[in-house]
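100 is the number of the first residue of the sequence shown in this note's numbering; add one for each residue after it.
All residues carry an ideal CB built from backbone N, CA and C; glycine is no exception.
Since the model is a prediction, treat every value here as computed from it, not as a measurement.
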Amino acid sequence: MYQYKDREFTDIHFDGHDLRYGELVRCIFKNCTFMNTSMEEIDTSHCRFIECDFKGAALNASIHTESAFENCKFSGANLFVAKFLTCKMTGSDFSGAQIDGITLSRGDWSYTNLRYAKLAKQDLRGIRFHEADLSDSDLTKADLRDCDLTRVALGKARLAGADLRGAKLEGMNLKALEVTGVRMDREQAVLFLRSHGAKVD
Numbered sequence: 100m101y102q103y104k105d106r107e108f109t110d111i112h113f114d115g116h117d118l119r120y121g122e123l124v125r126c127i128f129k130n131c132t133f134m135n136t137s138m139e140e141i142d143t144s145h146c147r148f149i150e151c152d153f154k155g156a157a158l159n160a161s162i163h164t165e166s167a168f169e170n171c172k173f174s175g176a177n178l179f180v181a182k183f184l185t186c187k188m189t190g191s192d193f194s195g196a197q198i199d200g201i202t203l204s205r206g207d208w209s210y211t212n213l214r215y216a217k218l219a220k221q222d223l224r225g226i227r228f229h230e231a232d233l234s235d236s237d238l239t240k241a242d243l244r245d246c247d248l249t250r251v252a253l254g255k256a257r258l259a260g261a262d263l264r265g266a267k268l269e270g271m272n273l274k275a276l277e278v279t280g281v282r283m284d285r286e287q288a289v290l291f292l293r294s295h296g297a298k299v300d
């Protein structure tokens, strides 16, 4: 167990290092690489990772509280049962990442690449997904109440049983949505019908 507090790292390569079980508090990492790094059960709090590369990193069971991962790459990373609590993830790419059992609680996931993400039955209430790519994702029975889904890409996403009440749907391609079993509020239902050419009085 190690602890880093109030430290700043720029252009450092942590590739292949063993950073398991550590605690990072108010640290800043700029343009650092963590490729194939062991980071299981790491705990970050109020940290900032800016344009960092976590390709192939093991982040299983890691917990991140009010940390920011801005424009980071997680391709091939293992995030099994990782928790992101009120984190800022803007612009990060999760293509090819293992995110089964991941927990997303609140936070800002705008402009993220979450294609093919398995988020079925997840409590995603209040998360900001502004212009995120959730194409081909599994959101079956997910709770998306009060989310910001403005201009989100949801092509071929599975939404059966999902709850969209109170979510912002502006700028979305509603015609492409499969809404069987989806819960909507009245305002959303009207928006959906109008997108299909209906005249609603």
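Roughly how many angstroms separate the alpha carbons of residue i and residue j, rounded to a whole number?
i    : j    : result
E169 : A156 : 17 angstroms
T202 : I141 : 15 angstroms
C126 : D105 : 5 angstroms
L184 : L276 : 28 angstroms
D235 : E286 : 26 angstroms
T136 : V289 : 49 angstroms
A176 : D199 : 12 angstroms
V278 : T249 : 17 angstroms
S194 : Y215 : 8 angstroms
S191 : E269 : 22 angstroms
R205 : L218 : 14 angstroms
H116 : G296 : 57 angstroms
I162 : A252 : 27 angstroms
G254 : R119 : 37 angstroms
M271 : R282 : 17 angstroms
L243 : F153 : 27 angstroms
Tell me, to the nearest whole angstrom, how far the beta carbon of residue i is from that of residue j; I am working on the premise that it is less than 8 angstroms.
i    : j    : result
L238 : A256 : 6 angstroms
R264 : D284 : 5 angstroms
S174 : A196 : 7 angstroms
G207 : G225 : Note that residue 207 is Asp in the sequence shown here, rather than Gly. Between G225 and D207 the Cβ distance is about 10 angstroms, and since that is not below 8 angstroms, they are no contact.
A266 : G280 : Between G280 and A266 the Cβ distance is about 16 angstroms, and since that is not below 8 angstroms, they are no contact.
C171 : C151 : 5 angstroms
Between residue i and the rest of its own chain, which residues show a CB-CB distance below 7 angstroms, the 5 nearest in sequence each way excluded?
i    : result
I111 : C131
Y101 : G121
F113 : C131, T132, F133, T136
V299 : V289, L292, R293
D247 : R227, F228, H229, K267
For the alpha helix (DSSP H) containing residue i, list its first residue and its last residue.
i   : result
E41 : Here the chain covers residues 100 to 300 and nothing more, so residue 41 does not appear.
CB-CB under 6 angstroms to residue i, same chain, minus the five flanking residues each way: which ones, in chain order?
i    : result
K129 : T109, I149
L123 : Y103, T143, C146
Y210 : T189, G190, E230
D222 : D242
Taking the beta strand (DSSP E) that residue i falls in, what are its first and last residues?
i    : result
Q221 : Counting along the chain, Q221 falls outside any beta strand (DSSP E), and DSSP gives it neither H nor E.
Y103 : 102-104
F108 : 107-109
L184 : 182-184
If you drop the 5 nearest sequence neighbours on each side, which residues of the same chain put their C-beta closer than 8 angstroms to that of residue i?
i    : result
A160 : E139, E140, F179, V180, A181
N212 : S191, D192, F193, S194, A231, D232
With hydrogens ignored, establish whether the beta-carbon of residue i is closer than 8 angstroms to any heavy atom of the ligand SAM.
i    : result
N212 : With respect to small molecules bound, the structure shown includes none, and the ligand SAM cannot be examined in it.
Query raised in the report: Which full runs of the beta strand (DSSP E) of 3+ residues lie inside the segment 197-231, going along the chain?
Result: 202-204
Requested in this report: Write down every uninterrupted run of the beta strand (DSSP E) in the segment 122-176 whose length is 3 residues or greater and which is fully enclosed by it, in chain order.
Outcome: 122-124, 127-129, 142-144, 147-149, 162-164, 167-169
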